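Inspection log for the structure reproduced underneath, given as structure tokens.
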Amino acid sequence: MAGATSNAFDPEAVVDALLPLLGLAATPESRAQTIVHLKIAAEHARKLLSVPLDDSDEPAPVFKA
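Each residue of the sequence shown is one higher than the one before, counting from 10 in the working numbering.
Printed below as a string of structure tokens:
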């Protein structure tokens with residue numbers, strides 16, 4: 010399909026877009042490590058968002074020592 014966009018998360022594209030926008034420079038090593046951390050964060054988000062929640066679900070109470 011021509012002109013279709015993908016909803017897949019692309020950490021390389023995020024890094025490439027944000028570095029100049031934020032006025033930052035990155036070495037190849039720091040760029041690679043940033044991409045690794047974004048992939049980890051995306052996996053955490055995927056797991057959290059996969060949990061079905063109902064409108065009646067309540068958060069856990071706050072623990073106070």
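From the three backbone atoms N, C-alpha and C, an ideal C-beta is built for every residue, glycine too. Values in this document were obtained by computation on a predicted structure and should not be read as measured data.
Contact annotation: L58 and P20 have beta-carbon atoms that are not nearer than 9 angstroms. In the three-state DSSP reduction, E52 falls in the helix class (H, G or I).
Take T43, set aside five residues on each side of it, and the residues of its chain with a beta-carbon closer than 6 angstroms to its own are V24, in chain order.
With respect to the 9 angstroms criterion, F18 and A51 are classified as neighbours on the basis of their beta carbons. When the beta-carbon positions are compared, A22 and L28 stay at least 9 angstroms from each other.
In this chain, the alpha helix (DSSP H) harbouring E21 covers P20 to L31. Secondary structure of E38 (DSSP, three-state): helix.
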